[in-house]
Ligand code: URA
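Numbering (my numbering), first residue to last: 142 to 390.
Here is the structure:
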């Protein structure tokens, strides 16, 4: 039974939750923090909206129009596998995000690799992000073994120019050394265990590998094991990143 003054439509926190902004509780907090507007006005908790006609925005970005699609950015901890089910019983990335709607990881990180992983039920976007032709740039921080000092310039040059691996020479990579023995490596190929094999090939095996960016997506504040929905602006930026036909950096 509608109460006096109630508008028809769905509750705002439900609309946000079904569009992937997190649990109802998280969405209530977003509204409570004044970050949600309806038709340009800051919305109050309990507000009802008509998703087909009202313009709902979070932090100024319109909330997506495909309510069935969700996109999560997960900070994968070491020891968690990038599959839906592991035969060895290890924890999997899909266990770290909401079970419904079912999502799948886009690309994969080795069990021991940490950092950003995209999970979604948006098959179209996932296909484009994962496809080598689009070559979305992935950035990693690799801690490598050295004889004590920094990785020598010659090894860094080889990583940049291309390294001979058993499945062929790698494409040019962006490589810097923000601190001795730590390499920031950006690649757009996504071959199996590529960064570990590249570093090994130049004599500096990886001891820790963290993915820090997937195209335009990055988040230094997301704790290990935590996830958050992409903002609509991030979904758009990621989609745009896949429209670039890539032949190098
Ligand atoms: N390169 C690797 O070697 N491992 C990963 O998990 C990702 C990229």
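Quick reminder that beta carbons are idealized off the backbone N, C-alpha and C, glycines included. These numbers come from a predicted model, not from an experiment.
Comparing alpha-carbon positions, the option among 224, 303, 366 and 168 lying closest to residue 336 turns out to be 303. Beyond the five residues adjoining it in sequence on each side, residue 272 comes within less than 7 angstroms, by CB distance, of no other residue in the same chain. Short note on residue 231: C-beta not closer than 7 angstroms to any heavy atom of ligand 1. Counting every other CB atom within 10 Å of its CB across the protein chains shown gives residue 216 a total of 16 or more, marking it as buried.
In the structure shown, residue 271 falls within a helical segment according to DSSP collapsed to helix, strand and coil. In this model, residue 319 and residue 179 are separated by some 44 angstroms (Cα to Cα). Across the structure, residue 374 and residue 288 are spaced so that their CA atoms are roughly 44 angstroms apart.
The three-state secondary structure of residue 181, taken from DSSP, is coil.
Counting only heavy atoms of ligand 1, the residues whose C-beta sits closer than 5 angstroms to one of them are, along the chain, 250, 251, 254, 334, 335, 336 and 337. With contacts defined as CB atoms closer than 8 angstroms, residue 183 and residue 175 qualify as a contacting pair. Judged by DSSP secondary structure, residue 380 falls within the alpha helix (DSSP H) whose first and last residues are 373-382. Note on geometry: alpha-carbon atoms of residue 192 and residue 243 lie some 23 angstroms from one another. Across the set 151, 194, 264 and 199, the C-alpha of 199 shows the shortest separation from the C-alpha of residue 170. Sequence-distant partners of residue 255 (beyond 5 residues in either direction) whose C-beta falls short of 8 angstroms from its own C-beta, in its chain, are 216, 217, 218, 219, 349, 350, 351, 352 and 365. Residue 164 and residue 328 have their alpha carbons spaced roughly 34 angstroms apart.
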